[in-house]
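Colleague: Those sequence lines, one after another, are chains A and B. Residues in the first sequence are numbered consecutively from 0, following numbering that gives the first Met the number 0. Residues in the second sequence are numbered consecutively from 0, following numbering that gives the first Met the number 0. Where is the CB? At the ideal position from N, CA and C, for every residue including glycine. Keep in mind it's a predicted model, so treat the numbers as computed, not measured.
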Amino acid sequence: MLRYTLKRLLSLLVSLAVASVVIFAVIEVAPGDPASFMLGVNAQEDTLAALRAELGLDVSKTQRYFNWISGMLVGDFGTSYTYRTPVSQMIADRLWVSLPLALYALTLSTLIAFPAGIYAAARRGKPGDLTVMGATQLGIAVPNFWFAMMLVLIFAINLRWFNAGGFAGWDNGFWTGLHSLTLPAIALALPQAAILARVMRSSLLDILAEDFMRTARAKGLTRRQALWRHGVRNALIPVLTIIGLQFSFLLAGSIIIEQVFYLPGLGRLVFQAISARDLIVVESVVMLLVFAVITVNFLVDLAYAAVDPRLRSRT
Amino acid sequence: MSRNLILGSALSSLVVLAALVSFVWTPYDHAALNIPDKLQPPNAQHWFGTDHFGRDMFSMIMVGARTSIAVALVAVGIGMALGVPLGLTAAARKGSWLDEVIMRGNDLVFAFPSLVIAILITAVFGAGAINAIIAIGIFNIPVFARITRGAALSLWEREFILAARVAGKGAARISAEHILPNVANLLIVQGTIQFSLGILAEAGLSYVGLGAQSPTPSWGRMLADAQTMVSFAPHLALIPGLAIIVTVLGLNLLGDGLRDWLDPRIRVARA
């Protein structure tokens, strides 16, 4: 296990390093000099030079890359070109919306998908199964931002149970904050729940066909006991992998959903940064998202190998 | 033929037909402003109603289908054109450094969701439908590379491949003449699934302003425009949304149906 962990850790570090070079290189292709963009066309040459020095733009590209990376390692993401505030602070503020939203959505999607998938598998081929499968087919086809708009129309505009948008903030209490993230989380969770329910169902069906399930029934367990004690637990392994993968997609997906609900999360930050050509913010947010995806996949791989020793020999 | 295949091909053909017909005929000019008739709900003159500029929604949906299909189709094309040769090469050189580089490269691209690629491209080059195509296309490359490699690896163990090697064929020729035809079915099915994911991704990207720009009609942008008016004109949001759902549902059913019809054994990855 140690050997496997070290090997995967090395590959994680290489992936992160290559990803950071790619992101830096793409952003570097961008035409224009941030300093002259900020100061306008009539800026004096010495003012420009001073600003470039302040932003750390007066050194070579290689040097800037290493400054960027070494800064990020200690939590310094540089200074925003437009707001002149530390990027790390801006990202941290927004993460307090995006991260809870993604976690909330992940919880909801698991709570919906598990019962639905188990129910469908236990009633394979019967009307209950067909209904669940039909619903998931529809769930996969529904764009989450459109579903979000429909939720706003029904639950905010007509029923007035929720606000149509905005974030109350965590300062007004945990439940107030959670309440304003509920509709966005539902919208984000639905398509993921549809996929997860299908994975749960097919994984459980594979397990139900195993010999040990027949043994469990033969030793006198009822169908229900066998399903819960031996079936579901074994079926969870592939399902957990998908949950891990979904988390990163939820974090990225929340960027779109935030637009529907005018939530001050990472998505709003990145779109504002794009229109203001605040490339250092774009660069850092993108790096953070990619870091999250790569790291979550790494953790899922490790968890998977810990549960199933056969996987350790594979690379 | 299964029910999935029939329903899926019917829905998909309907959308493709609407897009094709829109080149020669639409009920109204999709760009013609007609302010006096604005925000009409669906009626006999305007089957899908009119938008806030009085434009005919039915015509806009028809023309919007072109954008969705074009973006998703070209993105699948990019994914296949680059991913399949990569997958074939990796399988032919299994275990070599080339295989390792290709597969690690794939993992890396996988870490960039298409939305993130689109954000990067847009930040540098500005928004447009081409960016959406590139972003979704790049995301498709590892999908096709992985599925091709996986299927090709098991084929390389088969006896008919051994026979081809004995006959003196090289790895490249075997890949093209024997491996590729045998993974074609799988690629068609996965292509259908990626096509439907591409439609969804295009809608999402143009909704947040990273895809097709005005005046190119697009379902995602119609939804973005509808957002502030959804309370008094719900049809503005309902209709483009239903168009997306019908298209994606149709393609998914078609993919499932094709899979069962072409080869019941193959399994499709749905990311």
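Have a look at residue 4(B) and residue 76(A) and give me their C-alpha separation to the nearest angstrom.
Modeller: Cα-Cα distance, rounded: 51 Å.
Colleague: What would DSSP say about residue 78(A), mapped onto helix, strand or coil?
Modeller: Strand at residue 78(A).
Colleague: Taking the alpha-carbon positions, what's the residue 239(A) to residue 299(A) distance?
Modeller: Using only the alpha carbons, I get a separation of about 8 Å.
Colleague: Output the distance between the C-alpha atoms of residue 196(A) and residue 53(A), rounded to the nearest integer angstrom.
Modeller: Their backbone Cα atoms lie some 52 Å apart in a straight line.
Colleague: Check whether the Cβ of residue 388(A) lies closer than 8 Å to any Cβ atom in chain B.
Modeller: Nothing in the structure corresponds to residue 388(A), since chain A is present only between 0 and 314.
Colleague: For residue 128(B), go through chain A and note every residue whose CB falls closer than 8 Å to its CB, in chain order.
Modeller: What residue 128(B) touches in chain A: nothing, since even the nearest Cβ is about 17 Å away.
Colleague: Check whether the stretch 189-201 of chain B touches the stretch 69-76 of chain B, taking contact to mean three or more Cβ pairs, one atom from each stretch, closer than 8 Å.
Modeller: The stretch 189-201 of chain B vs the stretch 69-76 of chain B: in contact.
Colleague: Look up residue 32(A) in the DSSP assignment and say whether it is helix, strand or coil.
Modeller: In the structure shown, residue 32(A) sits in coil (DSSP, three-state: anything other than H, G, I, E or B).
Colleague: Take every Cβ of the stretch 264-271 of chain A, pair it with every Cβ of the stretch 91-109 of chain A, and state whether three or more of those distances are shorter than 8 Å.
Modeller: Taking 8 Å as the limit for Cβ pairs, the verdict is that the stretch 91-109 of chain A does touch the stretch 264-271 of chain A.
Colleague: Within 10 Å of its beta-carbon, does residue 31(B) have 16 or more other beta-carbons around it, so buried, or fewer, so exposed?
Modeller: So residue 31(B) counts as exposed.
Colleague: Does the stretch 60-71 of chain A come within contact of the stretch 10-27 of chain A, defined as at least 3 CB pairs closer than 8 Å?
Modeller: They touch, by the three-pair rule.
Colleague: Using the beta-carbon of each residue, which ones in chain B are nearer than 8 Å to residue 152(A)?
Modeller: Residues of chain B passing the Cβ test: 229, 230, 233, 236.
Colleague: If you draw a straight line from the alpha carbon of residue 132(B) to that of residue 212(B), how long is it in whole angstroms?
Modeller: Rounded to whole angstroms, residue 132(B) to residue 212(B) spans 13 Å at the Cα level.
Colleague: Mind checking if residue 313(A) is an interface residue toward chain B, Cβ cutoff 8 Å exclusive?
Modeller: Any reading at residue 313(A) must be qualified, since the residue scores a pLDDT of 49, below 50, and its modelled position is unreliable; the value itself is stated next. Judged by the 8 Å Cβ criterion, residue 313(A) is not in contact with chain B.
Colleague: Determine whether the beta carbon atoms of residue 82(B) and residue 147(B) lie at a separation below 8 Å.
Modeller: Contact flag set, yes.
Colleague: Mind checking if residue 216(B) is an interface residue toward chain A, Cβ cutoff 8 Å exclusive?
Modeller: No - not a single Cβ of chain A is within 8 Å of the one on residue 216(B).
Colleague: Across the stretch 245-253 of chain A and the stretch 105-114 of chain B, are there enough close Cβ pairs to call them in contact, namely three or more that are closer than 8 Å?
Modeller: Touching, yes.
Colleague: Taking Cβ-Cβ distances shorter than 9 Å, what residues in chain B pair up with residue 270(A)?
Modeller: Result: 118, 207, 208, 209.
Colleague: Return helix, strand or coil for residue 183(A), following the three-state DSSP convention.
Modeller: Note: residue 183(A) maps to helix in three-state DSSP.
Colleague: Listing by chain order, which chain B residues have their CB less than 9 Å from the CB of residue 71(A)?
Modeller: Near residue 71(A) there are no residues of chain B at all, since even the closest Cβ is about 16 Å away, more than 9 Å.
Colleague: Say the cut is 7 Å; is the CB of residue 177(B) nearer than that to a heavy atom of the ligand COA?
Modeller: Absent from the structure shown: the ligand COA. Ligands present: none.
Colleague: Please classify residue 66(B): does DSSP put it in a helix, a strand, or coil?
Modeller: The answer is helix: DSSP assigns residue 66(B) an H, G or I state.
Colleague: Could you run through the stretch 175-186 of chain A and flag, in chain order, every residue whose CB is less than 8 Å away from some CB of chain B?
Modeller: Result list empty, no residue passes.
Colleague: Return the CA-CA distance between residue 103(B) and residue 78(B), expressed in angstroms with no decimal places.
Modeller: Cα-Cα distance, rounded: 17 Å.
Colleague: Can you tell me the Cα-Cα spacing of residue 11(B) and residue 92(A), whole angstroms?
Modeller: If I take the Cα positions, the gap works out to 44 Å.
Colleague: Below 8 Å, can you find three or more Cβ-Cβ pairs linking the stretch 187-203 of chain A to the stretch 127-140 of chain A?
Modeller: In short, these stretches touch, since the Cβ pair count reaches three.
Colleague: Between the stretch 55-67 of chain B and the stretch 234-254 of chain B, do at least 3 Cβ pairs fall closer than 8 Å?
Modeller: Yes, the stretch 55-67 of chain B is in contact with the stretch 234-254 of chain B.
Colleague: Could you tell me the alpha carbon to alpha carbon distance between residue 235(B) and residue 46(A), rounded to whole angstroms?
Modeller: Spanning the two alpha carbons is a distance of roughly 50 Å.
Colleague: Can you check which of these residues, 58(B), 37(B), 35(B), is closest to residue 46(B) by C-alpha distance?
Modeller: Looking at the Cα atoms, 58(B) is the closest of the given residues.
Colleague: With a cut-off of 8 Å on the beta carbons, I'd call residue 35(B) and residue 53(B) a contact; round off their distance for me.
Modeller: 7 Å between Cβ atoms; contact.
Colleague: How is residue 112(B) classed by DSSP in three states: helix, strand or coil?
Modeller: Correct three-state label for residue 112(B): coil.
Colleague: Between the C-alpha atoms of residue 230(B) and residue 157(A), what's the straight-line distance to the nearest angstrom?
Modeller: Going from the Cα of residue 230(B) to the Cα of residue 157(A) covers about 8 Å.
Colleague: Say whether chain A places a C-beta atom closer than 8 Å to the C-beta of residue 243(B).
Modeller: Yes, residue 243(B) counts as interfacial toward chain A.
Colleague: Which residue wins for smallest C-alpha separation from residue 232(B), given the options 167(B), 14(B), 37(B), 210(B)?
Modeller: Comparing Cα positions, the closest option is 37(B).
Colleague: Along chain B, in chain order, which residues have C-beta atoms closer than 9 Å to that of residue 29(A)?
Modeller: In chain order: 122, 123, 124.
Colleague: When DSSP builds the beta bridges, which residues end up paired with residue 333(A)?
Modeller: Given a span of 0 to 314 for chain A in the structure shown, any question on residue 333(A) remains unanswerable.
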